[in-house]
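Colleague: This structure is in structure tokens; I'll ask about it shortly.
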Amino acid sequence: MIKRKLSVNVLESDRDAASHLFKALGMDMTTAINLFLKQSIAENGLPFRPQLVNDTAKAVYAARTGQVQHFDHEADWQASVLNELKNND
1 MIKRKLSVNV LESDRDAASH LFKALGMDMT TAINLFLKQS IAENGLPFRP QLVNDTAKAV
61 YAARTGQVQH FDHEADWQAS VLNELKNND
């Protein structure tokens with residue numbers, strides 16, 4: 001099987017942290033990357049489920065993708081907030 005060199009740009013701090021983690025797991029960066037690639041191929045997708053981990057990240061994602069409500073008047077916004085609070089009780 002022919003092997004090819006793969007070059008990627010990553011933050012130095014991420015590279016160092018990952019290298020330290022993989023060493024603790026008994027592997028080097030090359031082995032970890034090959035494991036990731038093989039598992040991605042086996043699953044025909046990412047070997048993990050990407051997800052937003054906190055409310056701030058979810059809010060940023062919603063804002064960037066246009067999944068937000070727009071209000072022309074503050075009173076409309078206040079009514080919407082009060083209605084949301086009432087519906088969550």
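Residue numbers (full-length UniProt numbering): 1 to 89.
For every residue, glycine included, the Cβ atom is placed at its ideal position computed from N, Cα and C.
Please read these numbers as outputs of a predicted model, since none were measured by experiment.
(1) Can you look up residue 48 in the DSSP assignment and give me helix, strand or coil?
(2) Extract the residue ranges of the alpha helix (DSSP H) inside the segment 3-70, only unbroken runs of 4 or more that lie entirely within it.
(3) In three-state terms, what does DSSP make of residue 76?
(4) Determine the contact status of residue 22 and residue 28, defining contact as a CB-CB distance below 9 Å.
Modeller: In short, the structure shows the following:
(1) Sequence index remark: in the sequence shown, residue 48 carries index 48 (1-based). The three-state reading of DSSP puts residue 48 in coil, since its state is none of H, G, I, E or B.
(2) 12-24, 29-43, 55-64
(3) Taking the sequence shown and counting its residues from 1, the one referred to as residue 76 is at position 76. The answer is helix: DSSP assigns residue 76 an H, G or I state.
(4) In the sequence shown, the residue the question calls residue 22 occupies position 22. In the sequence shown, the residue the question calls residue 28 occupies position 28. Closer than 9 Å, so yes.
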